[in-house]
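J.:
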DNA sequence: TTTGTAAGTAAATAAACGTTTACTTACTTT
DNA sequence: AAAGTAAGTAAACGTTTATTTACTTACAAA
């Protein structure tokens, strides 16, 4: 049996993310992807059932899972609240600023019904996404460090600010002056923490 | 000369937003739109040059401009900082929760390169988007109420949290218990303000 | 070295795409 | 009442779409 060419599989995924980042999800076609990845259209269909299946698996396996690992790197749910949040922020920023195509697809998961649904299902099936952060928040509520909001509310208060700053970081990379520096990010993080802590 | 049927024009826009919200921007085709709006494809092309032109104008005129007005309703840049931010928050939430299709397209403007570019250009050409808020922030920096961050950083700290809560609000409307209540929103807003103010 | 088999290709499929053509309709102007 | 005209329609245009068919290739096992 002829063995799979893993480089080709990887090329398909990488090129797909690139096209999505540069031209948008709505301009990604299977034929365009095959051509750009130097592969026959049929090759994509060996591993993926159809376009939707491909997009969902690309999002979950190539982006979301890697993203989660990067965010949680060296994070420990028993850290001091402020330290833990800072760790998460800096991890997230570090990963995303070096993975613009991943960030692009992550943004699409907030608009595209297909990807949004995939995210929700993964969240339900896979136990909890970002479970250590979930426990981290719960422990801090119990300890009285922070107010008793629902986890989803805390998620809203911690991540979207940061994702918007990443988005602005990329916008400013095409302009003379970068305003989203590591220093600004740290001060911004401190601001968020100050608001949240009792 | 036969006069334009304004109802048909409106139907096209309304139906388009509906399709985008339900099936996603990537599943909106001109033929599907025409059929759903009970209109000949040609009718769309009377007013719009092509699909991109249609999408950009739909986004700018039907969503972004209306959104800006709703956000700024009864807002006065000379308000106390906390009052001003609360006003903006409640206006935004009130408008978006009753205009899910508009919210859907607004979310796409954070991922789709076409809409993102349209947003940036509008921002540059049209002077400033949300100019009163810009001046509001600037005045509060000058008065020493808040720290001297760039406006874009403040934008990141004020809006994305709220938009995420709106997104969660819609998610929870399909579930037994709504956790994004007006009370939660107000407490959340207070948390953000507490962080930002000196 | 031969053989079996999944990986992979090039070309083709029908359906759907954005857009246009050829025509009709409905209203204003004269 | 007749003429002029842009709005609007139905059907068609060539192209691109997602996916498949028919075939070839490259390797592991025998």
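Chains as they are written, first to last, in the working numbering: chain C, 1 to 198; chain R, 199 to 396.
Even for Gly, the Cβ is constructed at its ideal location relative to N, Cα and C.
#1: Leaving out the 5 sequence neighbours to the left and right, which residues in its chain are closer than 6 Å to residue 217 of chain R when beta-carbon positions are compared?
#2: Which residues of the region 63-85 of chain C have a Cβ closer than 7 Å to any Cβ of chain R? Give them in chain order.
#3: Tell me the DSSP bridge mates of residue 146 of chain C?
#4: Give the C-beta separation of residue 307 of chain R and residue 317 of chain R to the nearest angstrom, bearing in mind that I take them to be a contact with Cβ-Cβ under 8 Å.
#5: Using a cut-off of 7 Å between C-beta atoms, extract the partners of residue 48 of chain C located in chain R.
#6: Assign residue 107 of chain C to buried or exposed, taking buried as 16 or more other Cβ atoms, counted over all protein chains shown, within 10 Å of its Cβ.
#7: Measure the C-alpha to C-alpha separation of residue 148 of chain C and residue 26 of chain C and round it to an integer number of angstroms.
#8: If I measure Cβ to Cβ from residue 241 of chain R and keep anything under 8 Å in the same chain, skipping five residues before and after, which residues do I get?
#9: Would residue 309 of chain R count as contacting chain C if we go by Cβ distances under 8 Å?
#10: Quick one: using the 10 Å Cβ neighbour count with 16 as the cut-off for buried, is residue 353 of chain R buried or exposed?
#11: Which stretch, first to last residue, makes up the alpha helix (DSSP H) that contains residue 174 of chain C?
#12: Between residue 201 of chain C and residue 141 of chain C, what straight-line distance do the alpha-carbon atoms span, to the nearest angstrom?
#13: Indicate whether residue 16 of chain C and residue 77 of chain C have their beta-carbon atoms separated by less than 8 Å.
#14: Can you give me the Cβ contacts of residue 93 of chain C inside the same chain, cut-off strictly under 7 Å, excluding the 5 residues immediately before and after it?
#15: For residue 169 of chain C versus residue 158 of chain C, is the C-beta distance shorter than 8 Å?
#16: Considering only C-alpha positions, which residue in the set C:102, C:81, C:105 is nearest to residue 132 of chain C?
#17: What's the gap between the Cα of residue 303 of chain R and the Cα of residue 114 of chain C?
#18: Helix or strand or just coil, what does DSSP make of residue 117 of chain C?
#19: To the nearest whole angstrom, what separates the beta carbons of residue 97 of chain C and residue 392 of chain R, a pair I think is in contact under 8 Å?
#20: List in chain order: all unbroken alpha helix (DSSP H) runs of 4+ residues lying wholly within the region 60-115 of chain C.
#21: Compute the distance between the beta-carbons of residue 300 of chain R and residue 254 of chain R, then report whether it is under 8 Å.
#22: Under 8 Å, do residue 320 of chain R and residue 258 of chain R count as touching if we go by C-beta distance?
#23: When the Cα atoms are used, what is the spatial distance from residue 247 of chain R to residue 265 of chain R?
#24: For residue 370 of chain R, which residues of its own chain have a beta-carbon under 8 Å away from its beta-carbon, when the five flanking residues on both sides are left out?
#25: DSSP state of residue 199 of chain C, grouped into three classes?
#26: Along the region 168-194 of chain C, where does the CB come closer than 8 Å to a CB of chain R? Name the residues.
#27: Quick one: list the residues of chain R neighbouring residue 39 of chain C, beta-carbon separation under 8 Å, in chain order.
#28: Quick one, which of R:323, R:244, R:256, R:281 has its alpha-carbon nearest residue 202 of chain R's?
#29: Would you say residue 321 of chain R reaches chain C, if we count a Cβ-Cβ gap shorter than 8 Å as a contact?
T.: Walking through what the data contain:
#1: Within the second chain, residue 217 of chain R is the residue found at index 19, counting from 1. For residue 217 of chain R, same chain residues with a beta-carbon under 6 Å away, outside a window of 5 residues either side, are 226 in chain order.
#2: Within the region 63-85 of chain C, no residue qualifies.
#3: Sequence index remark: in the first chain, residue 146 of chain C carries index 146 (1-based). Answer is C:197.
#4: Along the second chain, read from residue 1 onward, the residue named residue 307 of chain R stands at position 109. Along the second chain, read from residue 1 onward, the residue named residue 317 of chain R stands at position 119. For residue 307 of chain R against residue 317 of chain R, the beta-carbon gap comes to about 5 Å, under 8 Å, which counts as contact.
#5: Taking the first chain and counting its residues from 1, the one referred to as residue 48 of chain C is at position 48. Neighbours of residue 48 of chain C on chain R: none; closest Cβ ~17 Å, over 7 Å.
#6: Position 107 of the first chain, counted from the start, is the residue given in the question as residue 107 of chain C. Flag for residue 107 of chain C reads buried.
#7: In the first chain, the residue the question calls residue 148 of chain C occupies position 148. In the first chain, the residue the question calls residue 26 of chain C occupies position 26. Cα to Cα, the separation comes out at about 41 Å.
#8: For the purposes of this step, residue 241 of chain R is identified with residue 43 of the second chain, where counting begins at 1. Hits under 8 Å: 206, 210, 232.
#9: As a working mapping, residue 309 of chain R is identified with position 111 in the second chain. Yes, because at least one Cβ of chain C sits closer than 8 Å to the Cβ of residue 309 of chain R.
#10: By 1-based counting over the second chain, the position of residue 353 of chain R is 155. Buried, because 16 or more other Cβ atoms sit within 10 Å of the Cβ of residue 353 of chain R.
#11: The residue given as residue 174 of chain C occupies position 174 in the first chain. Bounds of any alpha helix (DSSP H) do not take in residue 174 of chain C, whose DSSP letter is neither H nor E.
#12: Lying before the first or after the last residue shown, residue 201 of chain C is absent from chain C, which here runs from 1 to 198.
#13: Numbered from 1 along the first chain, position 16 holds the residue referred to as residue 16 of chain C. Numbered from 1 along the first chain, position 77 holds the residue referred to as residue 77 of chain C. Not a contact, by the Cβ cut-off of 8 Å.
#14: As a working note, residue 93 of chain C is residue 93 in the first chain. Excluding residues within five positions, the ones whose Cβ falls inside 7 Å are 162, 166, 185.
#15: Reading the first chain from its first residue, position 169 is the one you call residue 169 of chain C. Reading the first chain from its first residue, position 158 is the one you call residue 158 of chain C. No, they are not a contact pair.
#16: Within the first chain, residue 132 of chain C is the residue found at index 132, counting from 1. It is C:81.
#17: Translated into the one-based positions of the second chain, residue 303 of chain R becomes position 105. Translated into the one-based positions of the first chain, residue 114 of chain C becomes position 114. Looking at the backbone, the Cα of residue 303 of chain R and that of residue 114 of chain C are separated by about 15 Å.
#18: Sequence index remark: in the first chain, residue 117 of chain C carries index 117 (1-based). Looking at residue 117 of chain C - three-state DSSP - the assignment turns out to be helix.
#19: Along the first chain, read from residue 1 onward, the residue named residue 97 of chain C stands at position 97. Along the second chain, read from residue 1 onward, the residue named residue 392 of chain R stands at position 194. Incorrect: roughly 29 Å between the Cβ atoms, too far for contact.
#20: With a minimum length of 4 residues, the continuous alpha helix (DSSP H) runs that stay inside the region 60-115 of chain C are 65-72, 81-97, 100-108.
#21: Mapped onto the second chain, residue 300 of chain R falls at position 102. Mapped onto the second chain, residue 254 of chain R falls at position 56. No, they are not a contact pair.
#22: Counting from 1 along the second chain, the entry for residue 320 of chain R is found at position 122. Counting from 1 along the second chain, the entry for residue 258 of chain R is found at position 60. Yes.
#23: Reading the second chain from its first residue, position 49 is the one you call residue 247 of chain R. Reading the second chain from its first residue, position 67 is the one you call residue 265 of chain R. Cα-Cα distance, rounded: 24 Å.
#24: Within the second chain, residue 370 of chain R is the residue found at index 172, counting from 1. Sequence-distant partners of residue 370 of chain R (beyond 5 residues in either direction) whose C-beta falls short of 8 Å from its own C-beta, in its chain, are 376, 377, 378.
#25: Given a span of 1 to 198 for chain C in the structure shown, any question on residue 199 of chain C remains unanswerable.
#26: Correct list: 168, 171, 179, 180, 184, 187, 188, 191, 192, 193, 194.
#27: As a first step, residue 39 of chain C must be located in the first chain, where it is residue number 39. Per Cβ cutoff of 8 Å: no residues; residue 39 of chain C is ~22 Å from chain R at best.
#28: Stepping through the second chain from its first residue, residue 202 of chain R is reached at position 4. When each option's Cα is compared against that of residue 202 of chain R, the closest is R:244.
#29: The sequence position of residue 321 of chain R within the second chain is 123, counting from 1. Taking a beta-carbon distance threshold of 8 Å, residue 321 of chain R does not count as an interface residue toward chain C.
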